[in-house]
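In this note's numbering, the protein residues as written are 4 to 263. Positions of the beta carbon are idealized from the N, C-alpha and C atoms, including for glycine.
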Amino acid sequence: MASTHTESTGTQLLDHPVGTEAVRHRLPRQTRTGAPLLGVTAMTAALGATGLAAAPAQAAAAPAPAPVTAADEASDGLLAADPGLALAARILQQADGQRTAVEESARVAAAQEAQAKRAERQAEAEADRSAPALPVAGYRLTAPFAQAGEHWAHLHTGLDFAARTGTPVTAVTGGTVTSAGWSGAYGYRVIQTLPDGTELWYCHLSRIATASGPVAPGTVLGAVGATGNVTGPHLHLEVRPDGAAPVDPLPWLRQLGLQP
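Here it is, written out as structure tokens:
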């Protein structure tokens, strides 16, 4: 009896439909919901309330660093990349420091030199003031000491310096004005007493400028005039050692280094 069973082959197994079995044994596909996202959102909010939220606040409180310019970056890069440039930069910096020191030393030296010159000029001026000087400028000698003449009751007692009226009359040397005023035939007179007691009489003045007190050489005592017993404007100068009898003013002036 012939069997009606047909032996299954590989081909017949491959032809067996598999769609139904796959569907039957596969888990049903689940649809995602918003629950996981909500959990992440909640976690982020919790962390943000503690550490994560504090970071931006700290960053805002910190001072912003100074901006670095492109020139700075380029300069630093060149110096770092080329030791020769770095050495040259150091040499230039040292040269600038040395030049500044030299200039400062020159300024100090110039200031000291100027101060020394000022002190020298001041000393010269003081020396000039302390040096004896003739009592009148622009003069001519007209009557020497001990000259006889009808203008004097005796011999001439002084040395006459003829000059224009108003020409300043100055102290020959340092001393003190001890008397000033009208003195008869002498007209307006100023008497200066020197430290050794010698008196100098400046006579026939048109005016008196210094009536008393210490005076230095060159101090204006008055002005040339024609007051008293005179024939024209001139200064009559007398020299009286210890205030006594007059002596010839010419050699006395020469002893002071003056040449009338």
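In three-state terms, what does DSSP make of residue i?
i, result
"Tyr-189", "helix"
"Gly-225", "strand"
"Gln-61", "Reliability of the predicted coordinates at Gln-61 is poor, the pLDDT of 47 falling under 50, and the value obtained from them is presented with this limitation in mind. In the structure shown, Gln-61 sits in a helix (DSSP, three-state: H, G or I)."
"Leu-253", "helix"
"Thr-23", "Confidence at Thr-23 is low in this model, with a pLDDT of 44, below 50, so its placement is unreliable and no value can be given for it."
"Thr-44", "Low confidence applies to Thr-44: its pLDDT is 47, below 50, so where it sits in the model is not reliable, and the reading given next is rough at best. Reduced to three states, the DSSP call for Thr-44 is helix."
"Gly-177", "coil"
"Asp-163", "strand"
"Ala-109", "helix"
"Leu-90", "helix"
"Gly-246", "helix"
"Leu-259", "coil"
"Gly-100", "helix"
"Gln-118", "helix"
"Leu-95", "helix"
"Gln-195", "strand"
Give every residue of the same chain whose Cβ lies closer than 6 Å to the Cβ of residue i, excluding the five residues on either side of it in the sequence, and list them in chain order.
i, result
"Arg-210", "Gly-225 and Ala-226"
"Asp-245", "Gly-200"
"Asp-251", "Phe-148"
"Glu-202", "Ile-194, Thr-196, Arg-243 and Gly-246"
"Thr-230", "Gly-190, Tyr-191 and His-207"
"Leu-259", "Pro-135"
"Ala-183", "Val-193, Ile-211 and Ala-214"
Return the chain-ordered list of same chain residues with a C-beta closer than 7 Å to the C-beta of residue i, the five sequence neighbours on each side being excluded.
i, result
"Ala-136", "Thr-173, Val-175, Pro-220 and Gly-221"
"Trp-185", "Tyr-191"
"Ala-114", "none"
Thinking C-beta only, is residue j closer than 8 Å to residue i?
i, j, result
"Thr-179", "Thr-160", "no"
"Thr-240", "Tyr-205", "Checking the displayed sequence, the identity of residue 240 turns out to be Leu instead of Thr. Yes, the pair counts as a contact, with Cβ atoms nearer than the cut-off."
"Leu-256", "Phe-164", "no"
"Leu-162", "Leu-144", "yes"
"Ala-166", "Gly-141", "yes"
"His-207", "Val-223", "no"
"Gly-177", "Ser-133", "yes"
"Val-139", "Thr-168", "no"
Could you check the C-alpha separation between residue i and residue j for me, to the nearest Å?
i, j, result
"Val-105", "Leu-261", "50 Å"
"Ile-94", "Asp-85", "15 Å"
"Leu-228", "Ala-112", "With the sequence shown as reference, residue 228 is identified as Gly, and Leu is not the correct amino acid for it. In a straight line, the C-alpha of Gly-228 is about 53 Å away from that of Ala-112."
"Arg-124", "Arg-110", "21 Å"
"Val-218", "Gln-101", "54 Å"
"Gly-235", "Pro-198", "33 Å"
"Ala-1", "Asp-99", "Because the chain in this structure spans residues 4 to 263, residue 1 falls outside the shown range and cannot be described."
"Ala-119", "Gln-97", "33 Å"
"Ala-1", "Thr-181", "Residue 1 is absent from the structure shown; the chain starts at 4 and stops at 263."
"Pro-263", "Ser-108", "51 Å"
"Pro-249", "Gln-150", "13 Å"
Can you determine whether any heavy atom of the ligand HEM sits closer than 7 Å to the C-beta of residue i, and answer yes or no?
i, result
"Glu-241", "For the ligand HEM, the structure offers nothing, since it holds no ligand at all."
With a threshold of 8 Å on Cβ separation, who are the neighbours of residue i within its own chain once the five nearest residues in sequence on each side are excluded?
i, result
"Ala-122", "none"
"Leu-253", "Pro-147, Phe-148, Leu-162 and Pro-263"
Mind listing, in chain order, the continuous beta strand (DSSP E) runs of no fewer than 3 residues lying wholly within the region 197 to 241?
Taken in chain order, the complete beta strand (DSSP E) segments of 3 residues or longer contained in the region 197 to 241 are 202 to 211, 216 to 218 and 223 to 227.
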